Each structure stands twice: as C-alpha cells, then as structure tokens.
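S.K.: I'd like to ask you about the structure that follows.
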Amino acid sequence: MAKKELQDELVVTLRKPITLGAGADAETYTALNLCEPDVEAILEFNRRAAKDPGDAMRYLIAKISGVPLAVINKVKARDFTKSAAYLTAFMGDEDDAQGDEEPPEGK
C-alpha cells in the first residue's frame, strides 16, 4: 500500500481564540500554522518524549507553529489532537530505510 502524501502545511483554526496578556500588550491567537518538522525538532521531541510524551508534544507544536507554550497549554483537546496527529504523521515508519513503500514478499 502506498504511503499517503502529507500536506506541506496545515492551518489548525482554534475552536476558541486564546489571548495572552492584557490591555495594549494583549495578543490573540486564532490558529496554529504547522509544517513538516525538521530533524532538529524531531530529535528534541524524541529526547523530551523519553521523559514526558505530553510535554514533548506541547514543545513540538509550539516550536513548529511559533506560538508560545503558554498558548499551547490553553489549546482545546481537539485542536491539540489534530495538531499532534499531523506532526507525528511525518515521523511514521511506513517507509523502510531503503525508501520502499511496500514490505518485501513474506514479511
């Protein structure tokens, strides 16, 4: 079975906007703009995941989206899950090291 092609970017519109700060310093976030993580981000995610998988995913979403961790902490569950599913899809092992999309016969 061929691997499903992933979108280069995904915009997750937040179900509820999140505002940090107050008054003139307030900033409201309405979306998470995600893209394929680079190797450095994946390595840091894996390092953090060994200690705390939830913390690692929050870090990865914040790093890739450029949104402060304080905002990610307030994202609703469905938006968080959608973001996490998109980013982790790039880390799947559907292709083997030789780049084959299908396992050889007998596996």
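According to UniProt numbering, the sequence shown is numbered sequentially starting from 1.
Here a beta-carbon is modelled for each residue, glycine too, at the ideal position from N, C-alpha and C.
Keep in mind it's a predicted model, so treat the numbers as computed, not measured.
Going by DSSP in three states, Glu5 sits in which element: helix, strand or coil?
M.R.: Translated into positions along the sequence shown, residue 5 becomes position 5. Glu5: coil per DSSP, three-state reduction.
S.K.: Where does the unbroken beta strand (DSSP E) through Asn73 begin, and where does it stop?
M.R.: If you number the sequence shown from 1, residue 73 lands on position 73. Where Asn73 is concerned, there is no enclosing beta strand (DSSP E), given that its DSSP letter is neither H nor E.
S.K.: Considering only the beta carbon of each residue, do residue 119 and Ala62 sit closer than 8 Å?
M.R.: Absent from the structure is residue 119, since the part of the chain shown begins at 1 and ends at 107.
S.K.: Is it the case that the stretch 71-85 contacts the stretch 40-52, given that we only count it when at least three CB pairs across the two stretches are under 8 Å?
M.R.: As far as the Cβ criterion goes, the stretch 40-52 does not touch the stretch 71-85, which means the pair count is below three.
S.K.: Report the three-state DSSP secondary structure of Pro53 (helix, strand or coil).
M.R.: By 1-based counting over the sequence shown, the position of residue 53 is 53. Helix, per DSSP.
S.K.: From the DSSP output, which residues share a beta bridge with Val12?
M.R.: On the sequence shown, residue 12 is found 12 positions in, with the first residue counted as 1. In DSSP, Val12 forms a bridge with Leu32.
S.K.: Short check: CB of Arg58 to CB of Arg15, under 8 Å?
M.R.: Translated into positions along the sequence shown, residue 58 becomes position 58. Translated into positions along the sequence shown, residue 15 becomes position 15. No, the Cβ-Cβ distance between Arg58 and Arg15 is not below 8 Å.
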